[in-house]
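Participant: Under the working numbering, think of the first position of the sequence shown as 11, with each following residue one higher. Note that the Cβ used here is the ideal one computed from N, Cα and C, for glycine as well. Values in this document were obtained by computation on a predicted structure and should not be read as measured data. Let me give you the structure first, and then I'll get to my questions.
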Amino acid sequence: MKNLLSIILLFSPIVLFTQTIVSTSPENKNAIVEESTGIHCSYCPDGHAILNQVVEQNPNDVFVIKFHEGGYAWDCDPNGGHDFNNDIANQLGVMGQATGQPSASVNRQVFPSYSMTAGGTAMSRGSWAAAINSVTSESSYVNVGVEASIEGNQLEVHVELYYTSNSPVASNFINIAILQNETIGPQMGSEFNPDYRASNAPNPDYAHGEYDYRHMNRMVDMINGLAGDQVTETSQGSFIDRTYTYTLPTFYNDVAVDISQIEIVAFVTDGNEIITGSGADASYQLPPYDLSLNSIDSPSGSGFFTENEYVVVTITNNGENEVSNFDISYQVNNGSVVTETYTGTLASGSSIQYSFNATYDFSQAGDYTITAYITYESDEVDTNNSSSTTITAIEAGDCPDEYELPIVWRENFECYDPFAIDNIEGWTIIDNDGGTTWGANGVDFTNESYVGAGIIFNYPLATPVSGDASVWNTYEGNQGLYFFASGANATTIPNDDWMISPEFSMDGVTSPILSFWAKSLTDQYGLERFQIGVGTTTNPSDFTIITPGSYVEPPTQWTQYQYDLSAYEGQNIRLAIHYMGNDSFVLMMDNFVIEGTLGVTNYNSLEMSLYPNPVDQNYVTIETPISGSKEIEVFDLLGKKVIDVNSSSNQLDISQLNSGVYMVRVTVGNQSSTTKLIVE
């Protein structure tokens, strides 16, 4: 009787499978398109648009998996949040053997007429439609059905296979790609796919003026990886029914998971080519109560931290019901636990940034591990209630950089924002070449591959990636002024970059000497080139070049350069740095100083005092034994003149000055004196 039943079932598949999700009728293959893309790939949106059109024309026959990998797949938002790369994406990139982006493989088949490289599966976008048409015209020996659901953070994927004919190989493999849709982030070239643009203007937070863009079909992981789940029952009539469970994280890299936008593509391979596949959006059911502590937002990374830093975290209500009165705690380096109660109401699906009232002292250099967590009795999901991060506090550089005559001017670049490429106070920045600068393989840093002149490079905040990162170190302190060569946009452009200093006075010293330190990062692409000029305006054509020859080529070791500025005694001048690299790499400069010998005639020949000093009010009194009109000049410690008045009054209005140290020079007739003023 058992044998007879087996025979009936074998020859009656329709009776057996009427309640399944997979078709039992012979079908052609579905196309599984794996597209290599990247945020900084200008023509990738055109590839997205092409695939959208193909999918629209072939509903339920074409499924797209987009993976971000390669040199164009990096986040240009200084605030982060768009790191779409992952290890599987990098492996897919290697498998396809592409020579550029966008590229795509269709069912991992090799199309000799279309392939970018011999034997490779990757094709440029002009060949995708033809390859898809070819695949979907082929018969398939197996059909795939898939459905998925999410409850809490648990993803369940149900896959069924039905073999309408024998597989030519003994084993097949089930692969399941997890995709996320509607992730908003930067994208170059968005004008080629305006349907995916999510903003009406460039987002100023992005480094290159990209628009907000809807990143769709974005592969975040694969259940069972690229190897897949083996299937050995591959003969005609075989029915495979498998269910997979997967715990969704709160984030993939620094990108939040949105369970309402999860899509699944399941496909079958023979170990090399994809035979066919199918896709489905994951349905989801929210648990009644589920709070998640998504991230510790501040402090973060490496930098200079204070004695009273606020710890800031992001919390999301993932449950169906609103919540209130839950505890939030943080702990630093296994020390005392700080616990506070959130008394507000957090609606379903909403998030808050919570700043603890109790601050912490992170001012001492070193590593700090911060752990934050939520305690809520009704919470039904306990796998997303905590988050940890490690920050590194570094010792601050010498800022403000205090000096007195006979030092006329000093610049150590410690007082500016790390990795600034504009708004460098007092400096005039001129980028005549307009080229995109080279990125670096050895270190990662904010504003990498920028367009501009110099960059305030902070060595402790740069992230080492490979090789000896110490070659990037400044001469002194944490920050220096670095210039990167243009050429990253595939067009070699000689640099024509100018950085012009604030104006400063050479009065009161004789035989002034300019000194500074410079080096070429490497000589692999040729040594760097620069000139130094002296002028009185912010127009490069007005500057007199004082360096010898056509340019200076510094070696790959920090080298001090000195130039005589005696010709400019008694004048108000500016310095200009002219970077002239020609497809080289990085010019590094640091610690500019101008100093001389105290003048016998003018320096301190005028008796003068300031009071009160230090001063914490809007006026300071200037006392001199000589009456009459006085020229009063005030300079900050960057050499920038902030006050220049002629007055017969002994009262100087300093209400516009910020707290800090200033140099005050008073001239009456042919006598002058310079004194330090401290504003509190």
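1) Helix, strand or coil: how does DSSP classify Gly609 here?
2) Quick one: grab the DSSP three-state call for Ser682.
3) Leaving out five residues on either side along the sequence, give the residues of the same chain with a beta carbon under 7 Å from the beta carbon of Phe202.
4) Identify which residue in Asp506, Asn582, Pro558 has its Cα closest to the Cα of Glu513.
5) What is the residue span of the alpha helix (DSSP H) that Met105 lies within?
6) DSSP state of Arg135, grouped into three classes?
7) Grouping DSSP H, G and I as helix and E and B as strand, with all else coil, what is Gln374?
8) Going straight from the alpha carbon of Gly606 to that of Asn304, what length do you get?
9) Report the residue from Ile417, Ile274, Glu424, Met599 whose alpha carbon sits nearest the alpha carbon of Gly155.
10) Run the CB neighbour count on Leu4, radius 10 Å, all protein chains shown included, and call it buried at 16 or more, exposed below.
11) If you compare alpha carbons, which of Thr566, Pro635, Ser515 is closest to Val544?
12) For a test of the three-state rule: what should DSSP assign to His218, helix, strand or coil?
13) Please return the same chain residues whose Cβ sits closer than 7 Å to the Cβ of Ile556, not counting the five positions on each side in sequence.
14) Going by beta carbon distance, what residues of the same chain come within less than 7 Å of Ser521, once the five residues before and after it are set aside?
15) Could you check what DSSP says for Gly354 in three-state terms: helix, strand or coil?
16) Give me the DSSP bridge partner(s) of Asn40.
17) Beta-carbon separation of Gly162 and Asp300 under 8 Å?
18) Let me make sure I understand the geometry here. Which of Trp508, Thr353, Val562, Ser619 has the alpha-carbon closest to that of Pro635?
19) Could you give the DSSP three-state label for Gly638: helix, strand or coil?
20) Could you tell me which residues DSSP puts in a beta bridge with Gln661?
21) Grouping DSSP H, G and I as helix and E and B as strand, with all else coil, what is Ser459?
22) Which residues does DSSP pair with Arg252 in a beta bridge?
23) Take Asn335 and list the residues in its own chain whose beta-carbon comes closer than 8 Å to its own, dropping the five residues that flank it on each side.
24) Let's see if you can read the secondary structure: which residues bound the alpha helix (DSSP H) around Ala208?
25) Where does the unbroken beta strand (DSSP E) through Val65 begin, and where does it stop?
26) Give me the Cα-Cα distance between Met590 and Phe493, rounded to the nearest whole angstrom.
27) What do you get for Asp533, buried or exposed, if any count of 16 or more other CB atoms within 10 angstroms of its CB means buried?
28) Do you know offhand how far Ala479's Cα is from Phe645's?
29) Check Asn656 in the structure and name its three-state DSSP category.
30) Return the CA-CA distance between Asn89 and Ile401, expressed in angstroms with no decimal places.
31) Kindly indicate which residue of Asp93, Ser270, Asn70 has the alpha-carbon position closest to the one of Gln164.
32) Can you grab the Cα-Cα spacing for the pair Pro624 / Ile604, in whole Å?
33) How would you write the range of the beta strand (DSSP E) that Thr698 sits in, first residue to last?
34) Starting from the Cα of Asn40, find the closest Cα among Glu643, Thr242, Val278, Gln661 and give me that residue.
35) Going by other Cβ atoms of all chains shown within 10 Å of its Cβ, with 16 needed for buried, is Thr255 buried or exposed?
36) For the segment 355–372 and the segment 315–326, state whether three or more C-beta atom pairs, one from each stretch, are separated by less than 8 Å.
Facilitator: Walking through what the data contain:
1) Per-residue confidence for Gly609 stands at a pLDDT of 48, beneath the threshold of 50, marking its modelled position as unreliable; the derived number appears in the next sentence. Gly609: coil per DSSP, three-state reduction.
2) strand
3) Tyr53, Pro55, Asp56, Ala59
4) Asn582
5) 97–106
6) helix
7) coil
8) 57 Å
9) Ile274
10) An answer regarding residue 4 cannot be provided, because it is not within the stretch 11 to 690 covered by the chain.
11) Ser515
12) coil
13) Ile542, Gly543, Val544, Tyr573
14) Ser576, Gly606, Thr607
15) strand
16) For Asn40, which the question treats as bridged, DSSP gives no partner whatsoever.
17) yes
18) Ser619
19) coil
20) Thr631
21) coil
22) Val169
23) Thr351, Tyr352, Thr353
24) Here Ala208 belongs to no alpha helix (DSSP H), and DSSP marks it neither H nor E.
25) Segment 54–67 is the alpha helix (DSSP H) holding Val65; no beta strand (DSSP E) there.
26) 9 Å
27) exposed
28) 37 Å
29) strand
30) 16 Å
31) Ser270
32) 26 Å
33) In the structure displayed, the chain extends from 11 to 690; residue 698 sits before or after that span and is not available.
34) Val278
35) exposed
36) yes
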